[in-house]
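Q:
Numbering (the working numbering), first residue to last: 1 to 571.
(1) When you compare only the Cα positions, how much space is there between residue 4 and residue 127?
(2) Helix, strand or coil, according to DSSP, for residue 236 in the structure here?
(3) Measuring only the C-alpha atoms, how far is residue 528 from residue 445?
(4) Give the range of the beta strand (DSSP E) segment to which residue 63 is assigned.
(5) Beta-carbon separation of residue 475 and residue 277 under 8 Å?
(6) Roughly how many angstroms lie between the CA atoms of residue 113 and residue 480, to the nearest whole one?
(7) By the DSSP assignment, the beta strand (DSSP E) with residue 396 in it spans what residues?
(8) For residue 36 and residue 25, I'd like the C-alpha separation in whole angstroms.
(9) Checking the sheet assignment: what are the DSSP bridge partners for residue 23?
(10) Can you say whether residue 372 is buried or exposed, counting buried as having 16 or more other CB atoms within 10 angstroms of its CB?
(11) Comparing alpha-carbon positions, which option in 59, 69, 13, 230 lies nearest residue 124?
(12) Can you check which of these residues, 376, 366, 560, 280, is closest to residue 340 by C-alpha distance?
(13) Can you name, in chain order, every residue of its own chain whose Cβ lies under 7 Å from the Cβ of residue 145, other than the five neighbours on each side?
(14) Going by C-alpha to C-alpha distance, which of 72, 137, 292, 53 sits closest to residue 102?
(15) Can you tell me where the alpha helix (DSSP H) holding residue 516 begins and where it ends?
(16) In the DSSP assignment, find the beta strand (DSSP E) that holds residue 304 and state where it starts and stops.
(17) Assess, as a yes-or-no matter, whether the segment 530-543 is touched by the segment 482-500 under the definition of 3 or more beta carbon pairs within less than 8 Å.
(18) Can you check the segment 125-164 for any beta strand (DSSP E) of at least 3 residues that lies completely inside it and give the ranges in chain order?
(19) Within its chain, find whatever has a CB closer than 7 Å to the CB of residue 398; leave out the 5 residues flanking it on each side and keep chain order.
(20) Taking three-plus beta-carbon pairs below 8 Å as touching, is the segment 268-287 in contact with the segment 400-410?
(21) Using only CA atoms, which one of 147, 109, 489 lies nearest to residue 504?
(22) Could you tell me if residue 18 is buried or exposed, where buried requires 16 or more neighbouring beta carbons within 10 angstroms of its beta carbon?
(23) Are the beta-carbon atoms of residue 292 and residue 361 separated by less than 8 Å?
(24) Check whether the segment 510-521 touches the segment 427-445, taking contact to mean three or more Cβ pairs, one atom from each stretch, closer than 8 Å.
(25) Would a C-beta distance cut-off of 8 Å place residue 280 and residue 142 closer than the cut-off?
(26) Could you give the distance in angstroms between the alpha-carbon of residue 7 and the alpha-carbon of residue 78?
(27) For residue 20 and residue 91, what's the separation of their Cα atoms in angstroms?
(28) Here's a check: name, in chain order, each residue in its chain whose Cβ is nearer than 6 Å to the Cβ of residue 552, leaving out the five neighbours to either side.
(29) Looking at C-alpha atoms only, which residue of 60, 426, 306, 431 is the closest neighbour of residue 368?
(30) Which residues in the same chain as residue 34 place their Cβ atom closer than 8 Å to its Cβ, once the five residues preceding and following it in sequence are excluded?
(31) For residue 74, collect the residues of the same chain with a Cβ closer than 8 Å to its Cβ; drop the 5 residues on either side in sequence, then sort them by chain order.
(32) In this structure, how does DSSP classify residue 230 when only helix, strand and coil are distinguished?
(33) Thinking just about the alpha-carbon of each residue, which of 86, 259, 439, 400 is nearest to the one in residue 366?
(34) Tell me, please, which residues DSSP counts as bridged to residue 15.
(35) Could you check which residue in 140, 259, 286 has the C-alpha nearest to that of residue 119?
(36) Reducing DSSP to helix, strand and coil, say where residue 562 ends up.
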């Protein structure tokens, strides 16, 4: 006897459809799972066997073969449990579920038959919709995430007892000796509103063959109506990090002075330019960068779905409010993070911090404290906006378009450059050089803005105190200009300009070109730095509402290459 169900697994951050094929044959009672399963899937045999028996069904006393197709794709996780269990029950004639070609089944089973949520539901259901399925059955706890995909009818169950049961219809194997009562098994009772003797089950399972587990003919139970399991979302849009108003509670208005740093952060947010703040301890570097997401616009619909899918694949949505993520991600890994933790890793790689920060901010506090080997892996994502991880069987590509924001002290003790009565630096020139050598030249070259943050005694106390709302208004206006300019291009921000697009949309007049050439010669900057200065000047012009990049815009962009100027001065 043969039956087939539809399930899915994760492959990187994408869902892949998996056919769960069941074959019952005469022979010694044993169950085999084939198709490159991992240990968690192989252990599903015992989970399914216990769950089936503890819910009053009869586990077939035959040779059971479960094939996960395609067989050449490595599978991992426990999301196949539900499909395997229902496949065995239908193929053995204990359940009847028509139209198996329409539904996806995802869920992990506990030994008592309860269903546990799994990670990565969003990309799996997206793959199911692309393959033509229209319904999905998931564990309770995954239903809100599942409902984010339009065009899919979502059903959610907390226990196998909420599905059709032999005793409900009085047919099938309900009279067998191994079917015991709820009281004996301590099994949760079916919901109070469980409908009996109805028709038209809303989710599918194919039944092929008509014999049960011992070779005796069994009449399948009638298909019951599980409309009580249908999920009707009251809302589908929430944010993991809170709404924009909640983020704005951490306001730049709390930061006194530092107007030039606020200006730099406004430019960085407007054009998604990488930035590093360097200064003594206690000057507000970390405080200001943590307020950076509050001046950035919320994710649009396509960005929101993309980011939510990444968080789902990484298992970061399990304990969060339901719905699409709307706020820009803000990730701040500890300086002890490994390279695999930063860019992703595993036999089947999972997203790392750079992908979790996609379309948002990746904050590296105290940059030189990170391992140099870890920092060097940032080169590719900073240049290409993707992470590619190669394995023996395949290469995995994760999106990684983020704004890199870093902070650092000027030296190991943090007091280099202090004057007057301020605490003096105790580092030797060799120690200062060793400290700064942790950040390689090629990595520093990829950071558009390098800004000094002075001590409080350097503040003049003049000028208005900018709030996050004011800064956000400027950022939104500049990004709207960019959206209109690049509406026919596959880019969104000035920082993504390259090649012909850079020459067309960020062209310099003769005066500005001569100015930039002289600066490059005096500072010894690379051509990469040349392009990044131009892109930065384009953003400054957008903030000013100027159509053409002027010498003033270019001069301001150059002043943000502060660490480059310091290197030249030391030489």
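We treat Cβ as the ideally placed atom computed from N, Cα and C, and that holds for glycine.
A: Let's see:
(1) 18 Å
(2) Note that residue 236 scores a pLDDT of 43, beneath 50, so its modelled location is shaky and nothing firm can be said.
(3) 7 Å
(4) 63-69
(5) no
(6) 52 Å
(7) 395-399
(8) 22 Å
(9) 2, 65
(10) exposed
(11) 13
(12) 376
(13) 121, 122, 312, 317, 322
(14) 137
(15) 510-523
(16) Note, residue 304: premise wrong, no beta strand (DSSP E); alpha helix (DSSP H) at 301-313.
(17) yes
(18) 135-139, 153-157
(19) 12, 13, 344, 351, 355, 386, 387
(20) yes
(21) 489
(22) buried
(23) yes
(24) no
(25) no
(26) 11 Å
(27) 12 Å
(28) none
(29) 431
(30) 65, 66, 67, 68, 71
(31) 36, 38, 347, 348, 393
(32) strand
(33) 439
(34) 10
(35) 140
(36) helix
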